Amino acid sequence: MLLDLLVPARCLGCRDPGPVPFCPDCADELDPDGTVHPLGDGIATVGAFAYAHPLSTAIKATKSGGLRQAADALARLLVLPTAVPVTWVPAPRSRRRRRGVDLPERLAGPDGIRLLERVGRPVEQPDLDARQRLDAQDGTFRATRRLDGPIVLVDDVRATGATLLAAATTLRAAGASRVLGVTLAAAGGPPSAGRRPRRTGARRGPGSTAASAPTS
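Right, here's the structure in full:
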């Protein structure tokens, strides 16, 4: 209330005063995706939206600025299952400290369960091809407990799918029967590790133009 008067809310896309995460004009530009891509044995991934403006702009601003309220607003764009445990792809500790927010954790919502932890130092991926990214993720994650049944794994952006595949494979090795990787945004078409996609009629969050590719 008083803070809203002093610091008006701004759209995360165009930065004009307006609702968070998006003003009506930017919300109309969101590009729903919803294509399910197999990643491996018992592992698949689906992105809610294409990684494009204004969503790509919002994700970058939220992560670089450590905007927790913005992260929670973006989380409302995802409709996650309620009968299946939900976890997230944890960011490296150094990035969490630098950014002040772990966007995938916020996207997983208040009922998210920490089932993964990072092991070792993160590898910067922008100049790596799909195979090199996958190799760089080997041994990156460790499960926090033994698992049973299906798991929903949340991340902010999927590019090649290497990070999701490494995290999901760790969950499978810990006992998860199936893993569905749900990302807020998907970039660059099918993940490099994926096979032929299929469309799904699953619900998506409410309803993005080209943007630079992310590194996950």
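In our numbering, each residue carries its 1-based index in the sequence shown increased by 95. Cβ coordinates follow ideal geometry from the N, Cα and C atoms, glycine included. Predicted model only: the values in this text are computed from it and were never measured.
_Residues bridged to Glu124 (per DSSP)_ = DSSP lists no partner for Glu124.
_From Thr258, Gly161, Gly207, residue whose alpha carbon lies closest to that of Arg190_ = Gly161
*Proximal residues to Cys106 (C-beta, below 6 Å), its chain only, five neighbours per side dropped*: Gly113, Phe117, Cys118, Cys121
_Candidates His148, Thr130, Asp243, Val141, of which the one nearest Ile275 by Cα_ = Residue identity check: residue 275 is Leu in the sequence provided, not Ile. Comparing Cα-Cα distances from Leu275 to each of His148, Thr130, Asp243, Val141, the minimum goes to Val141.
*Just curious, the beta strand (DSSP E) that Thr60 is in, first and last residue?*
In this structure the chain extends from 96 to 311, so residue 60 is not present and cannot be described.
*asked:* I'd like the list of long-range same chain contacts for Thr235, defined as Cβ closer than 7 Å, with 5 residues on each side in sequence excluded.
replied: Arg213, Val214, Gly215, Ala261
_Taking a contact to mean a Cβ-Cβ separation below 8 Å, would you say Ala166 touches Val131 in this structure?_
no
*Under the DSSP definition of a beta bridge, which residues are partnered with Gly244?*
Ala271
*What are the partner residues of Thr182, as DSSP defines its beta bridges?*
Leu248
_Exposure label - Ala178; buried when at least 16 CB within 10 Å_ = exposed
*If you follow the alpha helix (DSSP H) that Leu198 is part of, which residue opens it and which one closes it?*
198-202
_Rounded to whole angstroms, what is the Cα-Cα separation between Pro176 and Ile208?_
13 Å
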